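Below you'll find the structure, written out as structure tokens, and then a few comments.
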Amino acid sequence: MKARRPPRAEVELWRLCLLALCIGVFTGVGSAVFRALIGLFYNLSYLGRWSFVLDANRLDPPSPWGDLVFFAPIVGGLIVVFLVRNFAPEAKGHGVPEVMDAIYYKGGDIRGVVAVVKSLASAISIGTGAAVGREGPIIQIGSALGSTLGRVARLATSQKITLLSAGAGAGIAATFNTPLGGVLFATEILLPEISNRTFLPVVIATGAATYTGRVLLGGAPAFIMPRFEGAELSSAWPMDLLVIVVLGAASGLAAWAFIRLLAFFEDWFPALPGGAYVQVAAGMAVIGAMMVGFTRFFGHPFINGVGYGVIQSILESQMTVPVLLVILVAAKILATSISLGSGASGGIFSPLLFIGATLGGSVGFGALAVAPHLDLSPASCAIIGMAAMVGAGTGGVMTAIVMIFEMTRDYAVIVPVIIAVAFGSGVRRALIGDTIYTIKLRHRGHHIPQDRHANLYLVQQAESIMEADFIVAQPGARLFDVLSAIPPGKNVTPPIVVANATHICGMVPVRSGLWTQALRDPSVTVDALAQRDYILAREKDLLSRVFERMHRHGRSAAIVVGGTGVPRREDIRGVITKRSIADAVIQSAK
Numbered sequence: 116m117k118a119r120r121p122p123r124a125e126v127e128l129w130r131l132c133l134l135a136l137c138i139g140v141f142t143g144v145g146s147a148v149f150r151a152l153i154g155l156f157y158n159l160s161y162l163g164r165w166s167f168v169l170d171a172n173r174l175d176p177p178s179p180w181g182d183l184v185f186f187a188p189i190v191g192g193l194i195v196v197f198l199v200r201n202f203a204p205e206a207k208g209h210g211v212p213e214v215m216d217a218i219y220y221k222g223g224d225i226r227g228v229v230a231v232v233k234s235l236a237s238a239i240s241i242g243t244g245a246a247v248g249r250e251g252p253i254i255q256i257g258s259a260l261g262s263t264l265g266r267v268a269r270l271a272t273s274q275k276i277t278l279l280s281a282g283a284g285a286g287i288a289a290t291f292n293t294p295l296g297g298v299l300f301a302t303e304i305l306l307p308e309i310s311n312r313t314f315l316p317v318v319i320a321t322g323a324a325t326y327t328g329r330v331l332l333g334g335a336p337a338f339i340m341p342r343f344e345g346a347e348l349s350s351a352w353p354m355d356l357l358v359i360v361v362l363g364a365a366s367g368l369a370a371w372a373f374i375r376l377l378a379f380f381e382d383w384f385p386a387l388p389g390g391a392y393v394q395v396a397a398g399m400a401v402i403g404a405m406m407v408g409f410t411r412f413f414g415h416p417f418i419n420g421v422g423y424g425v426i427q428s429i430l431e432s433q434m435t436v437p438v439l440l441v442i443l444v445a446a447k448i449l450a451t452s453i454s455l456g457s458g459a460s461g462g463i464f465s466p467l468l469f470i471g472a473t474l475g476g477s478v479g480f481g482a483l484a485v486a487p488h489l490d491l492s493p494a495s496c497a498i499i500g501m502a503a504m505v506g507a508g509t510g511g512v513m514t515a516i517v518m519i520f521e522m523t524r525d526y527a528v529i530v531p532v533i534i535a536v537a538f539g540s541g542v543r544r545a546l547i548g549d550t551i552y553t554i555k556l557r558h559r560g561h562h563i564p565q566d567r568h569a570n571l572y573l574v575q576q577a578e579s580i581m582e583a584d585f586i587v588a589q590p591g592a593r594l595f596d597v598l599s600a601i602p603p604g605k606n607v608t609p610p611i612v613v614a615n616a617t618h619i620c621g622m623v624p625v626r627s628g629l630w631t632q633a634l635r636d637p638s639v640t641v642d643a644l645a646q647r648d649y650i651l652a653r654e655k656d657l658l659s660r661v662f663e664r665m666h667r668h669g670r671s672a673a674i675v676v677g678g679t680g681v682p683r684r685e686d687i688r689g690v691i692t693k694r695s696i697a698d699a700v701i702q703s704a705k
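Per the numbering used here, the sequence shown starts with residue 116, numbered consecutively.
Below, the structure written as structure tokens:
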């Protein structure tokens, strides 16, 4: 007889922290391997040489392949689609939405093969020219490692989600050499709960990943930043403040445009005839044409890959053509949206930094043309724009502020960055409630709560806590007859849902005295006692969403139904009462 596997259980916090330490080390190593793979494919496809070494912060000369570089993203895209379709469909796209989906709708499960396929597919996409970043992939890789280790250790769902989030934070920390930014990314964007039992593993994983990354990749920051020139604001400070506010608002508009355009192409490309291979070939042909066009007119493709070379050039005041910077803002938004929509695998964090740097640089040049005595320079505006775009696009405002501070290592950047991030996030939220991460899930019908930091039990779905023991009674049925049909031995009367073949009429809530009332007046019907003190919920609705609707409508129960149309009698799956809610809360506190 096959041996039964032990049930999932929570482990002591120190054991969870030890697992997080392992995840951090593995993610740090994975980040180094991933960078080497990107270097290999970039050197082969763009420079025509065999090497794993790549300085992503340097702008290389035009490709020796000339206009033939047009075919590099097409070939890379076809290989990526083959890998993704045959081995790990989750590896498509920019990674973080899939991680969030795993947290809220898949019990924290990400298959281990995703780490391998995502590494290879994203390295090929980035290396061959797709306009995507390397942060989303390493986040998904770290999350897959955390989820896999959690399954191997037979952890409870809540602790598996903690390890998954710890792996994501470790990925950010190892990639940018920003341990605090990694911690904030995990807690602000991914974790449904912040407490010692979740925060400590994340901190340990990000710390271990940062240390491992520094050993393997060096301790230099992601970018060599100039000292922030606006540290000492002089008599020009009102104009400086105006520029910062305008840049923040412009970043919010750019983030809105990016979110909308990416969502459009993620829906538009799959609707094209010819299948995934034709779609990715069409999309990557546009990217190839853009690379050739920019090279012919400006001497470099600019929009391909992670774009760190462009960012570094702006920060070092080597790109001083405002018109080119404005063109690159629109071109990068378009190129990244087409790349991800057509089937490339890569992140959006680097594109957000690219867009922020080019937008900030162009605003800086425009401001200097109007007011030459400003304390702000185009390079310092680029720093502010990077933070504002990340904060507005991802919704991680604290992540954006702290990460830019860790990159610059200059405290003077904090105040201008806070102002710009606040205005950027406010404008984006006024225009669209979704972030660049959540809009893709909303199109799937997967709601991600805005205010998540309450308790991990809110990650559960309605079907996980509903009471399956209930009675469905026909309208007009006598209460005495309904109660008499309850099998003997039940200590508690189950909820009674009143419904006919076509619709639900009401519910008789659980309460004492029903038998007494039925015996006192045998003619009383369930209709007379039925109430509308409930909402309707679907089986896959998150508890956070169910509770929010119950609170908003002033209801004390939910009837859980299946199907997608108007709920009927046969669609009733269960009932959520205050008793089942209390049981879920108690269970989560173990």
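We put the CB at the ideal spot given by N, CA and C, even for glycine. Note that the coordinates shown come from a computational prediction; the quantities given were computed from them, not determined experimentally.
Item                                                                                                                                                               : Value
For ILE359, tell me which candidate among VAL126, PRO416 and ILE533 has the shortest Cα-Cα distance.                                                               : ILE533
Output yes or no for whether 8 Å exceeds the beta carbon distance between VAL421 and ARG249.                                                                       : yes
Please identify the residue among ILE253, PRO252, GLY251 and GLN274 whose C-alpha is closest to the C-alpha of SER262.                                             : GLN274
Could you please give the first and the last residue of the uninterrupted beta strand (DSSP E) stretch that includes LEU155?                                       : Careful: LEU155 lies outside any beta strand (DSSP E), inside the alpha helix (DSSP H) at 128-157.
To the nearest angstrom, how far is the alpha carbon of LEU556 from that of LEU279?                                                                                : 18 Å
Is the distance from the Cβ of SER432 to the Cβ of ALA486 below 8 Å?                                                                                               : no
Which residue from LEU491, SER465 and ILE463 puts its Cα closest to that of GLY476?                                                                                : LEU491
Roughly how many whole angstroms lie between the Cα atoms of THR435 and GLY181?                                                                                    : 25 Å
THR679: which of GLY191, VAL267 and GLU654 sits nearest, CA to CA?                                                                                                 : GLU654
Determine, using beta-carbon pairs with one atom in the region 279-288 and one in the region 251-258, whether at least three such pairs fall under 8 Å.            : yes
Output needed for VAL441: all residues of its chain with C-beta closer than 7 Å, excluding positions within five of it in sequence on either side, in chain order. : SER477
Tell me, please, which residues DSSP counts as bridged to GLY208.                                                                                                  : SER460
DSSP three-state call for ARG559: helix, strand or coil?                                                                                                           : coil
Using only CA atoms, which one of VAL232, ARG173, PRO336 and VAL211 lies nearest to ASP525?                                                                        : PRO336
Let me know if LEU357 comes out buried or exposed under the rule of 16 or more other beta-carbons within 10 Å of its beta-carbon.                                  : exposed
Examine the Cβ distances between the region 179-193 and the region 291-302 and report whether three or more of them are shorter than 8 Å.                          : no
Identify whether GLN394 lies in helix, strand or coil by the three-state DSSP scheme.                                                                              : helix
How long is the line joining the alpha carbons of GLY669 and ASP648, rounded to whole angstroms?                                                                   : 8 Å
Just the C-alpha distance for ARG375 and ASN419, rounded to the nearest angstrom, thanks.                                                                          : 21 Å
Would ILE453 be called buried (16 or more neighbouring beta carbons within 10 Å of its own) or exposed?                                                            : buried
Give the DSSP-derived three-state secondary structure of THR509 in the structure shown.                                                                            : helix
Starting from MET434, follow the beta strand (DSSP E) in both directions and report where the run begins and ends.                                                 : Looking at the DSSP string, MET434 is not in any beta strand (DSSP E), and its letter there is neither H nor E.
Would you say the region 682-695 touches the region 615-625, given that touching needs at least three Cβ pairs under 8 Å?                                          : yes
Do three or more CB pairs link the region 380-388 to the region 462-476 at distances below 8 Å?                                                                    : no
Within the continuous beta strand (DSSP E) that includes MET622, where are the two ends?                                                                           : 619-623
With distance defined between alpha-carbon atoms, name the residue in ALA396, ALA378, ALA616 and VAL438 nearest to HIS209.                                         : ALA378
Return the first residue and the last residue of the beta strand (DSSP E) that GLY689 is part of.                                                                  : 687-691
Residues in the same chain with beta-carbon distance under 8 Å from CYS132, minus the five sequence neighbours each way, listed in chain order, please.            : LEU315, PRO316 and ILE319
Assuming ILE586 is part of the beta strand (DSSP E), what are its boundary residues?                                                                               : 586-588
Below 7 Å CB to CB, which residues in the same chain sit around LYS117 once its five sequence neighbours on both sides are set aside?                              : Legend: pLDDT at LYS117 = 43, less than 50; position of this residue unreliable, no value from coordinates given.
Could you compute how far the alpha carbon of VAL73 sits from the alpha carbon of TYR392?                                                                          : Within the shown structure, residues of the chain are numbered from 116 to 705, placing residue 73 beyond reach of any answer.
Let me know the beta strand (DSSP E) ranges lying completely inside the region 657-682, each 3 residues or longer, listed in chain order.                          : 673-676
Just confirm the distance between the C-beta atoms of VAL228 and PHE202, as a whole number of angstroms; I'd bet it's less than 8 Å.                               : 6 Å
What residues match up with VAL612 in a beta bridge as DSSP calls it?                                                                                              : VAL587 and MET622
With DSSP run on the structure shown, which of helix, strand or coil describes GLU250?                                                                             : helix
What does DSSP give as the partner residue(s) for THR640 in the beta ladder?                                                                                       : ARG593
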